[in-house]
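Novice: Shown below is the structure under consideration.
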Amino acid sequence: MPLMLDNAVPVDLNDVDDLFGDGVGLSLPDRAHDRSLALKLDDVRSRGCCQTVAWSKSGTIATITPDGQYLQLRFLRCNPVDGSWDLSQPTTCELIRGSQGIPLVHLEWGSANVPELAIIDAVGRVVIVSFSISLNHPFITRKYDTDSIDDANAVVGAHWLAVAPPNQQKPYNVLYGPAIKHGSFYQFESSFVHAGGPSHPHSSKSALFCVTICGMLKMFWSQNNNRMEETTMELESVNSLDELVTHAAIASDKRHLLVAVATSSKQLRLLKIEIQWGGPGSQPDKNPPQNARLSPSLVEKHLAATTWLQTGPGDANNDASMAELSHLHVLPSIMDNTGKSTVPPMIVAIRTRAPTAASFQTAQTIIDRWEAVVEPRPNVHPAFEQLGIRRNSDIPEQTAHTRLRQLDPIVIDKVLVGFQSIQFGKTLVLTMSDGTVEYRDRFTFEEVYTTEDHNRVMNLHHAGWVSDDGVIKWRKLHYPHGDIGDSYQDVRYGATMAALTVTASPALWHQVNYDDLLAIVAPYTSKKRFIQDWIIEITKLLKIQVDYSEETHHDSLMRNLPLQCCLSIMNSLGFKGEMNPRSFQGKFAMIDLHVRNVVVLITLAINTPVTVREKMSPMDEHEVVEAVAGCAKWSLDLLAWLTDSLFTLMNDSEFMARLEPKRFPELTPYLQTLNDVSLHLLLSSSSRSFLLCVCRRIAHLQAMSERAIDFYRSQSATVDQAGHLKVQNQPLQQAYQKMQRITAASLVKVADFEKLLNTLSADVRQIYQAILPNIVKHQNPAAQGKQLDLLVKAAQSQLELTALLAANPPTPFLPVIKKFFSKDLPAFRSNTDPARLYFANYDLLGVQDDKASLRAREARHVYIDLFKKTEMGLETQQWRRCTRCASVMEDVFGTRAGLTFVLGQQRKCACGGHWALLPRGKLIL
Numbered sequence: 001m002p003l004m005l006d007n008a009v010p011v012d013l014n015d016v017d018d019l020f021g022d023g024v025g026l027s028l029p030d031r032a033h034d035r036s037l038a039l040k041l042d043d044v045r046s047r048g049c050c051q052t053v054a055w056s057k058s059g060t061i062a063t064i065t066p067d068g069q070y071l072q073l074r075f076l077r078c079n080p081v082d083g084s085w086d087l088s089q090p091t092t093c094e095l096i097r098g099s100q101g102i103p104l105v106h107l108e109w110g111s112a113n114v115p116e117l118a119i120i121d122a123v124g125r126v127v128i129v130s131f132s133i134s135l136n137h138p139f140i141t142r143k144y145d146t147d148s149i150d151d152a153n154a155v156v157g158a159h160w161l162a163v164a165p166p167n168q169q170k171p172y173n174v175l176y177g178p179a180i181k182h183g184s185f186y187q188f189e190s191s192f193v194h195a196g197g198p199s200h201p202h203s204s205k206s207a208l209f210c211v212t213i214c215g216m217l218k219m220f221w222s223q224n225n226n227r228m229e230e231t232t233m234e235l236e237s238v239n240s241l242d243e244l245v246t247h248a249a250i251a252s253d254k255r256h257l258l259v260a261v262a263t264s265s266k267q268l269r270l271l272k273i274e275i276q277w278g279g280p281g282s283q284p285d286k287n288p289p290q291n292a293r294l295s296p297s298l299v300e301k302h303l304a305a306t307t308w309l310q311t312g313p314g315d316a317n318n319d320a321s322m323a324e325l326s327h328l329h330v331l332p333s334i335m336d337n338t339g340k341s342t343v344p345p346m347i348v349a350i351r352t353r354a355p356t357a358a359s360f361q362t363a364q365t366i367i368d369r370w371e372a373v374v375e376p377r378p379n380v381h382p383a384f385e386q387l388g389i390r391r392n393s394d395i396p397e398q399t400a401h402t403r404l405r406q407l408d409p410i411v412i413d414k415v416l417v418g419f420q421s422i423q424f425g426k427t428l429v430l431t432m433s434d435g436t437v438e439y440r441d442r443f444t445f446e447e448v449y450t451t452e453d454h455n456r457v458m459n460l461h462h463a464g465w466v467s468d469d470g471v472i473k474w475r476k477l478h479y480p481h482g483d484i485g486d487s488y489q490d491v492r493y494g495a496t497m498a499a500l501t502v503t504a505s506p507a508l509w510h511q512v513n514y515d516d517l518l519a520i521v522a523p524y525t526s527k528k529r530f531i532q533d534w535i536i537e538i539t540k541l542l543k544i545q546v547d548y549s550e551e552t553h554h555d556s557l558m559r560n561l562p563l564q565c566c567l568s569i570m571n572s573l574g575f576k577g578e579m580n581p582r583s584f585q586g587k588f589a590m591i592d593l594h595v596r597n598v599v600v601l602i603t604l605a606i607n608t609p610v611t612v613r614e615k616m617s618p619m620d621e622h623e624v625v626e627a628v629a630g631c632a633k634w635s636l637d638l639l640a641w642l643t644d645s646l647f648t649l650m651n652d653s654e655f656m657a658r659l660e661p662k663r664f665p666e667l668t669p670y671l672q673t674l675n676d677v678s679l680h681l682l683l684s685s686s687s688r689s690f691l692l693c694v695c696r697r698i699a700h701l702q703a704m705s706e707r708a709i710d711f712y713r714s715q716s717a718t719v720d721q722a723g724h725l726k727v728q729n730q731p732l733q734q735a736y737q738k739m740q741r742i743t744a745a746s747l748v749k750v751a752d753f754e755k756l757l758n759t760l761s762a763d764v765r766q767i768y769q770a771i772l773p774n775i776v777k778h779q780n781p782a783a784q785g786k787q788l789d790l791l792v793k794a795a796q797s798q799l800e801l802t803a804l805l806a807a808n809p810p811t812p813f814l815p816v817i818k819k820f821f822s823k824d825l826p827a828f829r830s831n832t833d834p835a836r837l838y839f840a841n842y843d844l845l846g847v848q849d850d851k852a853s854l855r856a857r858e859a860r861h862v863y864i865d866l867f868k869k870t871e872m873g874l875e876t877q878q879w880r881r882c883t884r885c886a887s888v889m890e891d892v893f894g895t896r897a898g899l900t901f902v903l904g905q906q907r908k909c910a911c912g913g914h915w916a917l918l919p920r921g922k923l924i925l
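Under UniProt numbering, the residues of the sequence shown are numbered 1 to 925, in order.
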């Protein structure tokens, strides 16, 4: 019998027979090779700064083209045709361009309220642009013409200073969430996080720091005259002829900066940088006076050093790629979750490996971490102390020193391409090459938000929402497990509502763009109470004031930006396209927002701040007066339309029949069939206050225009010293004449309309005072004194919130509404001409949404300028379009101080959304 080894093993066969005799290939399939990923990893290993996609908090998505030649700008925008959301087409920025030899390599967004973007090329030249007006049309604030072309200046780390907190006495940020489930509803928790770190002496400005490959630290900052200047310092701790800086990371920590640098010799160093804005020797924690010229100085202090590759490149567990650094980050110190102790700063070094065609190694990322711990220096041996005493020498004081303590590495079987922190540094976001995102705890680096948790919700991932994986492009979150439900009785609905509230609240409070959230929830607005429940939760968490029934001065109402955001959400989610009717809530919010915008614009024009009153007066410029006249025309048309709508309701037997207790719940559903929001605009104290402001501003403008006409009439007969008639400012005179004609031709007596509103306000207050204390006492028998007052106030706010959301009026409002339509409104009608109101043209308002009106609007191809409140066509100059509500205005710039000052109000749309500049002759980008 032959042995088995007598014959050679057929190792050269390409396949063998399987169990059933069919050929089975032995070779493994070729691993897919992502060349673009490999090139990206080569970039991040060779230079620390190569971020080519960056999303600003205002909504601009900046990208560098693959060839490094161009900067492109995109944004999320609502389609004006049907209200759907999508990513815009790219706009190429003409202010900067790379070259074949020196491409653009890095983008870094600033933290100032007016977004600033630093664009850095391969040799370290820095261009800074500002997006003060639109998301896709920046203005250059720093050119790189004077920067030298030298590879030694290549930037390996960049960082913008945080903006100083508005209230220096309370330097804290509010961290909203989590939402804790109690029964079917949620209660929201919040905590305070210290707003530490150095900042520019001027609260609205920031400064850019860069570390170069040769160990130079550069600071680009704005002088008092807004001129960009530069301060440089050589980092002595890393200055060596035989090594280069490959990666650097900068973070703000307490009153100084922490700088981590990695060198070509595998060294890792941690430095502390102090900024002395007043010059060398000045106190870093004391800023110079606001009007003092800045002369900053940078002071370096070495803290600690180690090597970032502990095992060496020849280790069996590493290949050549894992011996190279891909990302370096430094996390500042932070208070732990107990609020009792501080977690030290941490350096995070990341090494990545991608699978290649020539190797069967899997994708892997290793995250190395070092904590910067402060320890006392070792005590000197007593013998040396005695020696020092015998020599009569001074013993130096033993100070504490900083040591880098390495923690266990984190290994992930994916390729990490992005690393950033959120929630004021308490949570880390890791982005992978396959499009997946991981959230990790800052303190433990454990992965969080991995499973649904309906009892403790911090974001939409906790509520079960996910994003598609595999492709890197804009992917909206979606709910993969069917419908979320229609009420809080469904666990998924309540968890979603809690997650949306926790996510949206910081954006609303800090005035950060939240259009991505609106895009996510847009498909769910058909649910009956979705928008209403979301706004209720937001007002609860942010404690937004909605009750203005007892206020006679409306400054706080105009400054209530969170309330504007709530109206903006209602407006956006109720928009279904320009030629489609808005929802009932959307129409209510749209009118409210435009009234607010008109009031603010007129107020700025006629009440110049004391600080600039000597330099300019906007109402002395005809462009401003013409714009204000347009706002007056729009306001008077609104009052006329409101009056006509109320008269129509008064004559509607179906409506009047519902002003009875049994049929009162049918009131709003009936008005929704008509899409008539006129009554709700009067019942809500905030919108009623907006209308009162409009009445007072129109009265002021009427008086001002009459005084101006009298002045020009008296001057027309005067002569100068040569005996010639004085030449008047004809454009300004004509603008005031236009304003006077508009205010004099009002179809409604503004003073009478204001009295009607004041009467309604008094009736509402009287109902509150008569009914609410009894209701609260019945529900809380033990409440007395201040506690009772607070409960009454809370109940009143709840009723006002119901009115704000355009829901059915509360039952206590029934006698007020009956009196209004049976007594107050008929008396007001006797002083008006209902026929003129009925046949008046209200095209300027854009509120008529019946089919005939919409067809007529579409046929006219005319749009309303949000700023001037006049009609305009495509033949005019370029337009700006709001990315959120699709409103438009001409791209106008102020040539004089007054117009520039007033135009500052229109840096954003009336809804709070941002502008995008449209190509000439186009309606969408």
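No residue lacks a Cβ here, since even glycine has one placed at the ideal position from N, Cα and C. All values derive from a computational prediction rather than experimental measurement.
Could you have a look at W277 and say whether DSSP puts it in helix, strand or coil?
Specialist: Numbered from 1 along the sequence shown, position 277 holds the residue referred to as residue 277. Correct three-state label for W277: coil.
Novice: From R596 to R688, what distance separates their C-alpha atoms?
Specialist: If you number the sequence shown from 1, residue 596 lands on position 596. If you number the sequence shown from 1, residue 688 lands on position 688. Note on geometry: alpha-carbon atoms of R596 and R688 lie some 11 Å from one another.
Novice: At what residues does the alpha helix (DSSP H) containing V81 begin and finish?
Specialist: To locate residue 81, count along the sequence shown from 1; it is residue 81. Note, V81: premise wrong, no alpha helix (DSSP H); not H, not E.
Novice: At which residues does the alpha helix (DSSP H) containing E626 begin and terminate?
Specialist: As a first step, residue 626 is located in the sequence shown; it is residue number 626 there, counting from the start. Unbroken alpha helix (DSSP H) run through E626: 622-650.
Novice: Distance, Cα to Cα, C50 vs D441?
Specialist: Residue 50 sits at position 50 when you count from the first residue of the sequence shown. Residue 441 sits at position 441 when you count from the first residue of the sequence shown. Distance between the alpha carbons of C50 and D441: 26 Å.
Novice: Which residue's Cα is closest to the Cα of N455: A179, L428, S526?
Specialist: Sequence index remark: in the sequence shown, residue 455 carries index 455 (1-based). Of the candidates A179, L428, S526, the one whose C-alpha sits nearest the C-alpha of N455 is A179.
Novice: Would you kindly check if the distance between the Cβ of L646 and the Cβ of L760 is under 7 Å?
Specialist: Reading the sequence shown from its first residue, position 760 is the one you call residue 760. Reading the sequence shown from its first residue, position 646 is the one you call residue 646. Against a cut-off of 7 Å, the Cβ pair of L646 and L760 comes out as no contact.
Novice: Starting from Q740, follow the alpha helix (DSSP H) in both directions and report where the run begins and ends.
Specialist: Counting from one through the sequence shown, the residue named residue 740 turns up at place 740. From DSSP, the alpha helix (DSSP H) with Q740 extends over 730-744.
Novice: Determine the direct distance from the alpha carbon of P810 to that of E800, and round the result to whole angstroms.
Specialist: Here the question's residue 800 lines up with position 800 in the sequence shown. Here the question's residue 810 lines up with position 810 in the sequence shown. Whole-angstrom Cα-Cα distance: 9 Å.
Novice: Spatial neighbours of S783 within its chain, please: C-beta separation below 8 Å, excluding the five flanking residues on both sides.
Specialist: Position 783 of the sequence shown, counted from the first residue, corresponds to residue 783. Correcting the residue type first, residue 783 is Ala in the shown sequence and not Ser. V776, K777, L791.
Novice: Quick check: the segment 86-96 against the segment 129-144, are at least 3 beta-carbon pairs closer than 8 Å?
Specialist: As far as the Cβ criterion goes, the segment 129-144 touches the segment 86-96, which means the pair count is three or higher.
Novice: Which runs of the beta strand (DSSP E) fall wholly inside the segment 437-491 and span at least 3 residues, in chain order?
Specialist: 437-441
Novice: Alpha carbon to alpha carbon, how far is L303 from L325? Give it in angstroms, no decimals.
Specialist: To locate residue 325, count along the sequence shown from 1; it is residue 325. To locate residue 303, count along the sequence shown from 1; it is residue 303. Taking the straight line from one Cα to the other gives about 21 Å.
Novice: Quick check on M619: does DSSP put it in helix, strand or coil?
Specialist: Position 619 of the sequence shown, counted from the start, is the residue given in the question as residue 619. Three-state result, M619: helix.
Novice: For M579, count neighbouring Cβ atoms within 10 angstroms of its own Cβ and tell me buried if that reaches 16, exposed if not.
Specialist: Along the sequence shown, read from residue 1 onward, the residue named residue 579 stands at position 579. Residue environment: M579 is assigned as exposed (fewer than 16 neighbouring CB atoms within 10 Å of its CB, all protein chains considered).
Novice: Where Q878 and V373 are concerned, what is the direct C-alpha to C-alpha distance, given to the nearest angstrom?
Specialist: Position 878 of the sequence shown, counting from 1, holds the residue named residue 878. Position 373 of the sequence shown, counting from 1, holds the residue named residue 373. Their Cα atoms are separated by approximately 57 Å.
Novice: Ignoring anything shorter than 4 residues, give me the alpha helix (DSSP H) runs that lie fully in the segment 802-848, in order along the chain.
Specialist: 814-819, 825-829, 834-839
Novice: Rounded to whole angstroms, what's the CA-CA distance from S635 to Q100? Just pull it up for me.
Specialist: The residue labelled residue 635 in the question sits at position 635 within the sequence shown. The residue labelled residue 100 in the question sits at position 100 within the sequence shown. Rounded to the nearest angstrom, the two C-alpha atoms are 56 Å apart.
Novice: Out of curiosity, what's the CA-to-CA distance linking L542 and L175?
Specialist: By one-based count along the sequence shown, residue 542 stands at place 542. By one-based count along the sequence shown, residue 175 stands at place 175. Approximately 11 Å between the Cα atoms of the pair.
Novice: Can you find at least 3 beta carbon pairs, one from the segment 79-89 and one from the segment 900-914, that sit closer than 8 Å?
Specialist: The answer is no - the segment 900-914 does not touch the segment 79-89, with fewer than three Cβ pairs under 8 Å.
Novice: Am I right that F575 and A886 are in contact with their C-beta atoms under 8 Å? What's the rounded C-beta distance?
Specialist: Here residue 575 is taken as the residue at index 575 of the sequence shown, counted from 1. Here residue 886 is taken as the residue at index 886 of the sequence shown, counted from 1. Indeed they touch by this definition, with Cβ atoms about 7 Å apart.
Novice: From residue 943 to M219, what distance separates their C-alpha atoms?
Specialist: Any question about residue 943 goes unanswered here, given that the chain covers just 1 to 925.
Novice: Where does H182 sit, in a helix, a strand or coil, going by DSSP?
Specialist: As a first step, residue 182 must be located in the sequence shown, where it is residue number 182. Strand at H182.
Novice: Starting from the Cα of L104, find the closest Cα among V127, A112, T362, P506 and give me that residue.
Specialist: As a first step, residue 104 is located in the sequence shown; it is residue number 104 there, counting from the start. By alpha-carbon distance to L104, the top candidate from V127, A112, T362, P506 is V127.
Novice: If you check the beta carbons only, do D253 and P332 fall under 7 Å apart?
Specialist: Here the question's residue 253 lines up with position 253 in the sequence shown. Here the question's residue 332 lines up with position 332 in the sequence shown. Closer than 7 Å, so yes.
Novice: Buried or exposed: where does S705 fall if 16 or more other Cβ atoms within 10 Å of its Cβ makes it buried?
Specialist: Looking up residue 705 in the sequence shown gives position 705. Burial call: buried.
Novice: Which of helix, strand or coil does DSSP assign to P919?
Specialist: To locate residue 919, count along the sequence shown from 1; it is residue 919. Three-state result, P919: coil.
Novice: Going by the beta-carbon positions, is the gap between I520 and L567 smaller than 7 Å?
Specialist: The residue given as residue 520 occupies position 520 in the sequence shown. The residue given as residue 567 occupies position 567 in the sequence shown. No, they are not a contact pair.
Novice: Can you give me the start and stop residues for the alpha helix (DSSP H) that I102 sits inside?
Specialist: As a working note, residue 102 is residue 102 in the sequence shown. Here I102 belongs to no alpha helix (DSSP H), and DSSP marks it neither H nor E.
Novice: Which residue or residues does DSSP assign as beta-bridge partners of K218?
Specialist: Here residue 218 refers to the residue found at position 218 of the sequence shown. In the DSSP output, where bridge partners are listed per residue, K218 has C210, T232.
Novice: Answer yes or no: do L258 and S199 have a C-beta to C-beta separation smaller than 7 Å?
Specialist: In the sequence shown, the residue the question calls residue 258 occupies position 258. In the sequence shown, the residue the question calls residue 199 occupies position 199. In this structure, S199 does not lie closer than 7 Å to L258 by Cβ.
Novice: Mind checking which residues open and close the alpha helix (DSSP H) that includes R45?
Specialist: Here residue 45 corresponds to residue number 45 of the sequence shown, with the count starting at 1. 35-46 is the extent of the alpha helix (DSSP H) around R45.
Novice: Tell me the residue span of the alpha helix (DSSP H) that contains F893.
Specialist: In the sequence shown, counting from the first residue as 1, residue 893 sits at position 893. Careful: F893 lies outside any alpha helix (DSSP H) and carries neither H nor E.
Novice: Taking the alpha helix (DSSP H) that P562 belongs to, which residues open and close that run?
Specialist: Stepping through the sequence shown from its first residue, residue 562 is reached at position 562. Where P562 is concerned, the enclosing alpha helix (DSSP H) stretches over 561-573.
Novice: In angstroms with no decimal places, state the Cα-to-Cα distance between D151 and D43.
Specialist: For this step, residue 151 is matched to residue 151 along the sequence shown. For this step, residue 43 is matched to residue 43 along the sequence shown. Roughly 15 Å separates the two Cα atoms.
Novice: Going along the chain, which residues of its own chain have a beta-carbon closer than 6 Å to the beta-carbon of G196, five neighbours each way excluded?
Specialist: Counted from its first residue, the sequence shown places residue 196 at position 196. For G196, where only same-chain residues beyond five positions count, the Cβ hits under 6 Å are K254.
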